[in-house]
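If you read the protein sequences in the order shown, they are chains A and B. The opening residue of the first sequence carries number 547 in this note's numbering; numbering runs sequentially from there. The opening residue of the second sequence carries number 2 in this note's numbering; numbering runs sequentially from there.
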Amino acid sequence: MATFNHKHIIGLQDFSKEDLELLISTAESMREINNRLIKKVPTLRGKTIINLFYEASTRTRTSFEIAAKRLSADAVNITPSISSATKGETLSDTARNLLAMKPDIIVMRHAVSGAHNFLITKVNCAVVNAGDGAHEHPSQGLLDLLTIKDKFGKLDGLKVAIVGDVTHSRVARSDIFALTKMGSHVYLAGPPTMMPPKVENLGNVAVASSMKEAIQDADVVIMLRIQQERQGKTLMPNTREYSRYFGLNPENLKLAKPDAVVMHPGPINRGVEMSSYVADGDQSHVMKQVENGVAVRMAMLYHVSGGGETE
Amino acid sequence: MNLYIKNGRVIDPAQSIDEVTDILVEDGVVKAIGKDLKIPAKIETIDATGLYVTPGLIDMHVHLRDPGLEYKEDIISGTKAAVAGGFTSVCCMPNTKPIVDNKAIASYIINKAKNHGFCNVFPIGAITQGLHGEYLSEMGELKESGCVAVSDDGKPVKNPELMRRALEYAKGMGIMVIAHSEELDLVGEGVMNEGFVSTDLGLKGIPRVAEDIAIARDVLLAEYTDSPLHIAHVSTKGSVEIIRAAKKRGVKVTCETAPHYFTLTDEAVRGYNTNAKMNPPLREEEDLKAIKAALKDGTIDCIATDHAPHHIDEKDIEFNQAMNGIIGLETSLPLSLELVRSKVLTVNQLVEKMSSNPSKILGFNRGSIATGMIGDLTIIDPDYEWVFDINSVSSKSKNSPWLGNKMKGRAVYTIVNGKIAYKAV
Numbered sequence: 547m548a549t550f551n552h553k554h555i556i557g558l559q560d561f562s563k564e565d566l567e568l569l570i571s572t573a574e575s576m577r578e579i580n581n582r583l584i585k586k587v588p589t590l591r592g593k594t595i596i597n598l599f600y601e602a603s604t605r606t607r608t609s610f611e612i613a614a615k616r617l618s619a620d621a622v623n624i625t626p627s628i629s630s631a632t633k634g635e636t637l638s639d640t641a642r643n644l645l646a647m648k649p650d651i652i653v654m655r656h657a658v659s660g661a662h663n664f665l666i667t668k669v670n671c672a673v674v675n676a677g678d679g680a681h682e683h684p685s686q687g688l689l690d691l692l693t694i695k696d697k698f699g700k701l702d703g704l705k706v707a708i709v710g711d712v713t714h715s716r717v718a719r720s721d722i723f724a725l726t727k728m729g730s731h732v733y734l735a736g737p738p739t740m741m742p743p744k745v746e747n748l749g750n751v752a753v754a755s756s757m758k759e760a761i762q763d764a765d766v767v768i769m770l771r772i773q774q775e776r777q778g779k780t781l782m783p784n785t786r787e788y789s790r791y792f793g794l795n796p797e798n799l800k801l802a803k804p805d806a807v808v809m810h811p812g813p814i815n816r817g818v819e820m821s822s823y824v825a826d827g828d829q830s831h832v833m834k835q836v837e838n839g840v841a842v843r844m845a846m847l848y849h850v851s852g853g854g855e856t857e
Numbered sequence: 002m003n004l005y006i007k008n009g010r011v012i013d014p015a016q017s018i019d020e021v022t023d024i025l026v027e028d029g030v031v032k033a034i035g036k037d038l039k040i041p042a043k044i045e046t047i048d049a050t051g052l053y054v055t056p057g058l059i060d061m062h063v064h065l066r067d068p069g070l071e072y073k074e075d076i077i078s079g080t081k082a083a084v085a086g087g088f089t090s091v092c093c094m095p096n097t098k099p100i101v102d103n104k105a106i107a108s109y110i111i112n113k114a115k116n117h118g119f120c121n122v123f124p125i126g127a128i129t130q131g132l133h134g135e136y137l138s139e140m141g142e143l144k145e146s147g148c149v150a151v152s153d154d155g156k157p158v159k160n161p162e163l164m165r166r167a168l169e170y171a172k173g174m175g176i177m178v179i180a181h182s183e184e185l186d187l188v189g190e191g192v193m194n195e196g197f198v199s200t201d202l203g204l205k206g207i208p209r210v211a212e213d214i215a216i217a218r219d220v221l222l223a224e225y226t227d228s229p230l231h232i233a234h235v236s237t238k239g240s241v242e243i244i245r246a247a248k249k250r251g252v253k254v255t256c257e258t259a260p261h262y263f264t265l266t267d268e269a270v271r272g273y274n275t276n277a278k279m280n281p282p283l284r285e286e287e288d289l290k291a292i293k294a295a296l297k298d299g300t301i302d303c304i305a306t307d308h309a310p311h312h313i314d315e316k317d318i319e320f321n322q323a324m325n326g327i328i329g330l331e332t333s334l335p336l337s338l339e340l341v342r343s344k345v346l347t348v349n350q351l352v353e354k355m356s357s358n359p360s361k362i363l364g365f366n367r368g369s370i371a372t373g374m375i376g377d378l379t380i381i382d383p384d385y386e387w388v389f390d391i392n393s394v395s396s397k398s399k400n401s402p403w404l405g406n407k408m409k410g411r412a413v414y415t416i417v418n419g420k421i422a423y424k425a426v
């Protein structure tokens, strides 16, 4: 069996196809634990995991915490507010202080792209990225892979549309890096104000001229969250016009393949990037994504802990 | 102290001299040049066989951080770095604490440099009071107190009407305006060049047009007011084209670039390397090529370092929070000599860019080795191989992307006002 040769999980860009396959197959076996009556295995007993969240997060933080607990690790959550971090202690000092308490893994979310690349120069424990700026969100990318694979049994050759603000999306980057490596064809759509320069150079990625072109015959439609707090004010006229041209609704979803899956990293702006009829419809896999998130994060924690028996 | 420099290749573009000959320096001035000079019996002699002897190098764009930011650099450490890099004169930008917008601060710098510095220091005053971009500084008094130019370097003069008046007023006072041209609304929260690398790293980009548009504005204002204008740290292909066209029209515009803009691209940012974070940001391959072509055809007049020392606490942090800029005084010459080795410039052109042209632009009585001129000389070994080791850095700050790198070429003697201010061991 393949082995996992990375100390940290910073981004899916760093991983080979084999690494991704290994993480996915581990997640598949972890999922079985989550369906037991007693949802706990002793795999990471005695390990300490710190969830250091510099950005607000409900889903991801809870998911990482549950993942740690199901593996019997001791998980501690720290959520320094952004303001106290900027006027107070540096990330470097916080990291060193936490390190003195001898954690095995630090799971961090940070608003700055590359914060984890910096963190690993300061600590010697394993670091897992729970999202950094507009850079990467590897656990989301992996859970997206797993959710798509669940549906189609493969990733190779699928047409995946990613629609929305690609520039400011770490989900988009992790999805692009992972999906293209697995052989999927990625089509991006969004207003040109939200499309980063030369994004097509990232791999097997095409920038569609319209949302219609992107979702036409797609197997998967991933809608990105509009994050106005991060974007600034100049990227679109308003959410009404945005949803008209880049929102997913039952009408334009018909352009995709009949069995296409609809995904969204959450939280959804209902009526903006996605109508409630789609979000809650038959093709929506949003809750499956959340469910898979726990298994994927268990797999990530397991592998950065050095692997071993999962029981 | 008197000096006899013999058998060096003397390169002085201002006088079209390029020959192997001897130089006698007496009482701080160039006494004679030529073969068979009458040399006093007891004189310190430098054998410059195989070396270049050039007019002292002039860096018209440095930050010495003194007064107020001495934890990054001060006039002593900064000038020590300057002479180690072959510079006999540096012009320091006014964004100190307090700002150089008055006579007291200008005098402080001049006096401290005179008493404790290793090379000549010429302060640059502010264009606007406090660099706030609201009121013109007292340029007349700044000039009288020794400032050689005015600049709000670090930020642009945002208001075009104020920039127009600054150009007019400075022209009347006979002082050069140095523009930091940048359209801040286009920069936004950008932290690196906008391009494929920023896309890949998920960092906010600074589009090249943010520089181009501001340079176009400033060039047009210089043309309209018929005023001289010098543009700092040109980094883009678009800027170069705008300046080239303006020069052709006869606009009195000159400009500089820095070694990092013809040596590195934004690829250096990968890994979130804060020593590759500067403003303007490192650009792309086509810009680098355009900068080299513009150096070659004379569109870019000078190489200046934009030496920007920052403390480790300001660089060893997350990329977004890190300060802009790198130190440059000690690496400028070897990096610029690479342009000669790769045949972009002749060695004569290089000396123009690093000495004669800045001297001419700022109206110095330097930048040439004529009899009777101030004895500022740099003796360069173009083949000297050395390592830019962190422990050998003279600057107080160590923020350089070239730490630990092998370098080729350096100043082996830096002679300031006729005295040896630096000698490579």
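Beta carbons: idealized from backbone N, C-alpha and C, even for Gly.
Check	Outcome
Would you call the region 750-762 of chain A and the region 212-224 of chain B in contact, with 3 or more CB pairs under 8 Å?	no
Return the first residue and the last residue of the alpha helix (DSSP H) that B/P260 is part of.	260-264
Start and end of the alpha helix (DSSP H) containing A/N643?	637-646
If you count every other CB in all the chains shown that lies within 10 Å of the CB of A/S629, and 16 or more means buried, which is it?	For A/S629, the pLDDT reaches just 49, beneath the cut-off of 50, and the residue's location in the model is therefore unreliable, leaving the point undetermined.
For the region 197-230 of chain B, which residues have a beta carbon sitting closer than 8 Å to at least one beta carbon of chain A?	F197, S199, T200, D201, L202, G203, L204, K205, G206
Name the chain B residues that come within less than 8 Å of A/G679, Cβ to Cβ?	G203, L204, N321
In chain A, what lies closer than 7 Å to B/Y273 by C-beta?	G660, N663, F664
Checking contacts by CB at 8 Å: is A/S629 closer than that to chain B?	Model confidence at A/S629 stands at a pLDDT of 49, short of 50, so the residue's coordinates are unreliable and nothing is read from them.
Determine the chain B residues that contact A/V745 at a beta-carbon separation under 7 Å, and present them in chain order.	T200
Just checking: is the beta-carbon of B/I328 within a distance shorter than 8 Å of some beta-carbon in chain D?	The displayed structure is made up of protein chains A and B, and chain D is not among them.
With H, G and I counted as helix, E and B as strand and the rest as coil, what does DSSP make of B/V158?	coil
Can you tell me where the beta strand (DSSP E) holding A/L598 begins and where it ends?	594-599
Residues in the same chain with beta-carbon distance under 8 Å from A/L691, minus the five sequence neighbours each way, listed in chain order, please.	L566, I570, L701, A724, L725, M728
How far does the alpha helix (DSSP H) with A/L568 in it extend, from its first residue to its last?	563-580
DSSP state of B/S146, grouped into three classes?	coil
Applying a beta-carbon distance threshold of less than 8 Å, which residues of chain B neighbour A/S822?	Going along chain B, no residue has its Cβ under 8 Å from A/S822, so there is no contact; the nearest lies around 30 Å.
What residue ranges within the region 733-807 of chain A form continuous alpha helix (DSSP H) runs of no fewer than 4 residues, ordered along the chain?	757-761, 774-777, 785-792, 796-799
Taking 8 Å as the threshold (beta carbon to beta carbon), is B/I318 in contact with chain A?	yes
Taking a contact to mean a Cβ-Cβ separation below 8 Å, would you say A/N675 touches A/I595 in this structure?	no
So with Cβ pairs under 8 Å, would you call B/E195 a contact of chain A?	yes
From B/F320 to A/Y791, what does the alpha carbon distance come to, in whole angstroms?	35 Å
Touching or not, the region 332-350 of chain B and the region 403-420 of chain B, by the rule of three or more beta carbon pairs under 8 Å?	yes
Could you check whether the region 62-72 of chain B touches the region 91-104 of chain B, counting it as contact only if at least three pairs of C-beta atoms, one from each stretch, sit closer than 8 Å?	yes
Are the C-beta atoms of B/D19 and some chain A residue less than 8 Å apart?	no
If you follow the alpha helix (DSSP H) that B/F197 is in, where does it begin and where does it stop?	197-202
Measuring alpha carbon to alpha carbon, tell me which residue in B/K354, B/V426, B/L363 is nearest B/D382.	B/V426
List the residues of chain B that A/L645 touches, going by C-beta distances under 8 Å, in chain order.	Those do not exist, as A/L645 stays about 16 Å from chain B at its closest Cβ, beyond 8 Å.
Strictly under 8 Å for the Cβ-Cβ distance: is A/T640 near chain B by that measure?	no
What's the gap between the Cα of A/A909 and the Cα of B/C93?	The structure shown has nothing for residue 909 of chain A, since chain A only spans 547 to 857.
Using DSSP with H/G/I as helix, E/B as strand and the rest coil, what is B/G9?	strand
Since B/I370 contacts B/Y414 with CB under 8 Å, what's their CB separation in whole angstroms?	Wrong, their Cβ atoms sit about 14 Å apart, outside the cutoff.
When you compare the CB of A/R616 with every CB in chain B, is at least one pair closer than 8 Å?	no
Is the shortest distance between the beta-carbon of A/P742 and the beta-carbons of chain B less than 8 Å?	yes
For a contact meaning CB atoms closer than 9 Å, what does A/L748 contact in chain B?	F197, T200, D201
When the Cα atoms are used, what is the spatial distance from B/I362 to B/T255?	8 Å
List the residues of chain B whose Cβ lies closer than 8 Å to the Cβ of A/L799, in chain order.	Correct list: empty, because the minimum Cβ distance to chain B is about 28 Å.
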